[in-house]
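For the sequence shown, this note's numbering assigns the number 1 to the initial residue and increments by one for each residue that follows. For each residue, glycine too, the CB sits at the ideal point set by N, CA and C. A short worksheet on the structure shown next.
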Amino acid sequence: VNAGGGTPVTTNDLLMAIGCVCMAPFASDEARAYPTARVSMMADPRGRGVPADYYGNAAMPLDLQVEWSIVDSGNLAAVAQGLRGRLAEALTVAAANCLADPDTPPEQPPLLYWNSWARAKGLLQADFGAGLSRFEWINL
Numbered sequence: 001v002n003a004g005g006g007t008p009v010t011t012n013d014l015l016m017a018i019g020c021v022c023m024a025p026f027a028s029d030e031a032r033a034y035p036t037a038r039v040s041m042m043a044d045p046r047g048r049g050v051p052a053d054y055y056g057n058a059a060m061p062l063d064l065q066v067e068w069s070i071v072d073s074g075n076l077a078a079v080a081q082g083l084r085g086r087l088a089e090a091l092t093v094a095a096a097n098c099l100a101d102p103d104t105p106p107e108q109p110p111l112l113y114w115n116s117w118a119r120a121k122g123l124l125q126a127d128f129g130a131g132l133s134r135f136e137w138i139n140l
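Structure (structure tokens):
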């Protein structure tokens with residue numbers, strides 16, 4: 001998809017952008033204390049630094065930071081392009097570091113947890129007690 005003649009984005013980027021724009025008005029003061037909105041996601045690096053036939057848990061967290069001014073603009077093309085750029089950067093770094101121990105998660109609360117990996121639902125359905133995030137599953 002070419003959003004407005006700029007950087008091409010994927011359908012997933014556009015869906016993520018819609019999620020960000022819709023959730024931004026409800027972002028906590030704590031999240032707004034940072035200059036960027038954080039989108040937390042999970043990636044499967046098989047074929048991107050880990051062999052495609054890798055056996056084991058290769059899932060890794062990725063955090064995308066997009067300036068609040070872009071998210072608050074409501075311009076879906078700009079938000080999607082911002083997310084695409086950050087995701088491309090994160091995947092480049094992930095390919096180089098995919099077998100290293102994961103970093104400690106940032107203290108910044110995420111605006112949105114995003115996952116387009118279909119098999120993740122089975123991994124995240126387990127009930128580990130109170131206090132965990134509630135996941136909303138959207139089937140498209």
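Grouping DSSP H, G and I as helix and E and B as strand, with all else coil, what is T11?
Assigned with DSSP and collapsed to three states, T11 falls in helix.
Could you give the first and the last residue of the continuous alpha helix (DSSP H) run that contains S73?
Residues 68-73.
Can you give me the C-alpha to C-alpha distance between W114 and A37, rounded to a whole angstrom?
So the two alpha carbons sit approximately 13 Å from each other.
Using three-state DSSP, classify L76 as helix, strand or coil.
Under the three-state reduction of DSSP output, L76 falls in the helix class.
Just to confirm before moving on: does the CB-CB distance between A80 and D13 stay below 7 Å?
Less than 7 Å separates the beta-carbon of A80 from that of D13.
Quick check on the burial criterion: 16 or more other C-beta atoms within 10 angstroms. Buried or exposed for V93?
The residue is exposed, with fewer than 16 neighbouring Cβ atoms inside 10 Å.
How big is the Cα-Cα spacing for R84 and I70?
Spanning the alpha carbons of R84 and I70 requires a straight line of approximately 13 Å.
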